[in-house]
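K.L.:
Before I ask anything, here is the structure I am working with.
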Amino acid sequence: MRVLDLTRVLAGPIATRFLAGLGADVLRIDPFSWDEPAIEPEVTLGKRCARLNLTNHHDRLIFEALLRQADIIIHGYRAGALEGLGYGAQQRRQLSPGLVDICLNAYGWSGPWRSRRGFDSLVQMSCGIAEAGMIWQNTPHPFPLPVQALDHATGYLMAAAAIQGLIQRLIQNTGYSARLSLARTANILIDTPYKPDNINLKTSSATTEDYQLQPEMTYWGPALRLRAPLSLSTTQWSWGLAASPLGNATAQWLQ
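If you read the sequence shown in this note's numbering, its first letter stands for residue 1011, the second for the next number, and so on.
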């Protein structure tokens, strides 16, 4: 299973990391000007990371060849970015009719904010989560969640959508597309019934039981990684590639 990864912090990389753990060949593509040094060890696990300049004719040919051979594309660039490069939804379908196409934005795909840039913390502040926290904490200031919950939850929803798309393709022999947003995940969270008295947002330090048994030999040296956040009864998680810097691989599929 070939996954073309055009994502950035943080939901998209979580989705493609999840698929890599299930055995997918994940190839992340970044422009030469982009770096994420603070989180590379977290978001590149199980992936090969290459760079292409999609304004360059030669690199565009490479990208189009990758897209034709991909099973899944997961992307979360700013609104209009791929369209501006000539790779909008219609062009992607023409290049790869059976493609499973999963895309993400911040504020949803309709309404006046559909093209607005954003990330987890901003969405929490603008959708009501921080206001609810303010009321709950009885504080005059907005009180967001202590973790990037929207990023993580949306990332796993994107991975689930990709798997659902593969199932549909196998059954119906057609492509598949899904559009997710951080704001929609926030709505799901807000609409979920809860009892304020039972909520505990206090965090505790990780213990040895929270980490994998063996160190991971990353580009930066040996490191202990937290265990996967879920388990599957019939599937063994396995990330064959250690975390590495962006741009460390060639833009080609393994097979």
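We put the beta carbon where it would ideally sit given N, CA and C, even for glycine.
#1: Could you check if arginine 1237 is buried or exposed, using at least 16 other CB atoms within 10 Å of its CB as the buried criterion?
#2: Go ahead and label isoleucine 1198 buried or exposed: buried means 16 or more other beta carbons lie within 10 angstroms of its beta carbon, across all protein chains shown.
#3: By the DSSP assignment, the alpha helix (DSSP H) with leucine 1176 in it spans what residues?
#4: With DSSP run on the structure shown, which of helix, strand or coil describes threonine 1202?
#5: Given threonine 1195, which residues of its chain have a CB within under 6 Å of its CB, disregarding the five upstream and five downstream residues?
#6: Please confirm whether glycine 1118 and arginine 1127 have their CB atoms less than 8 Å apart.
#7: With C-beta atoms as the reference, is glutamine 1134 less than 8 Å away from proline 1154?
#8: To the nearest angstrom, how far is it from the Cα of valine 1013 to the Cα of tryptophan 1247?
#9: Between the beta-carbon of leucine 1256 and the beta-carbon of aspartate 1040, is there less than 8 Å?
#10: Pull up the CB-CB distance for leucine 1109 and tryptophan 1249, whole angstroms please, since I reckon it's below 8 Å.
#11: What residues in its chain sit with their C-beta under 7 Å from that of threonine 1260, if we drop five residues either side in the sequence?
#12: When the Cβ atoms of the segment 1091 to 1105 are set against those of the segment 1072 to 1082, are three or more pairs found closer than 8 Å?
#13: Which residues in the same chain have their Cβ closer than 7 Å to the Cβ of arginine 1088, if we skip the five residues on either side of it in sequence?
#14: Looking only at C-alpha atoms, which of Val1053, Arg1018, Cys1113 and Asp1045 sits nearest to leucine 1251?
P.N.:
Checking against the coordinates, here is how it stands:
#1: The residue is exposed, with fewer than 16 neighbouring Cβ atoms inside 10 Å.
#2: Under this definition isoleucine 1198 is an exposed residue.
#3: Where leucine 1176 is concerned, the enclosing alpha helix (DSSP H) stretches over 1159 to 1182.
#4: The three-state secondary structure of threonine 1202, taken from DSSP, is coil.
#5: Closer than 6 Å at Cβ, skipping near neighbours: Leu1160, Ala1163 and Thr1164.
#6: Cβ distance not < 8 Å, so glycine 1118 and arginine 1127 don't count as in contact.
#7: In this structure, proline 1154 lies closer than 8 Å to glutamine 1134 by Cβ.
#8: If I take the Cα positions, the gap works out to 17 Å.
#9: For leucine 1256 and aspartate 1040, yes; Cβs fall inside 8 Å.
#10: Actually they are not in contact, since the Cβ atoms of leucine 1109 and tryptophan 1249 sit about 24 Å apart, beyond 8 Å.
#11: Short of 7 Å from the beta carbon of threonine 1260, and not among the five residues preceding or following it, lie these beta carbons of its own chain, in chain order: Ala1060.
#12: Touching, yes, given that three or more Cβ pairs across the two stretches are closer than 8 Å.
#13: The answer, listed in chain order, is Arg1127.
#14: Among Val1053, Arg1018, Cys1113 and Asp1045, the Cα nearest to that of leucine 1251 is on Val1053.
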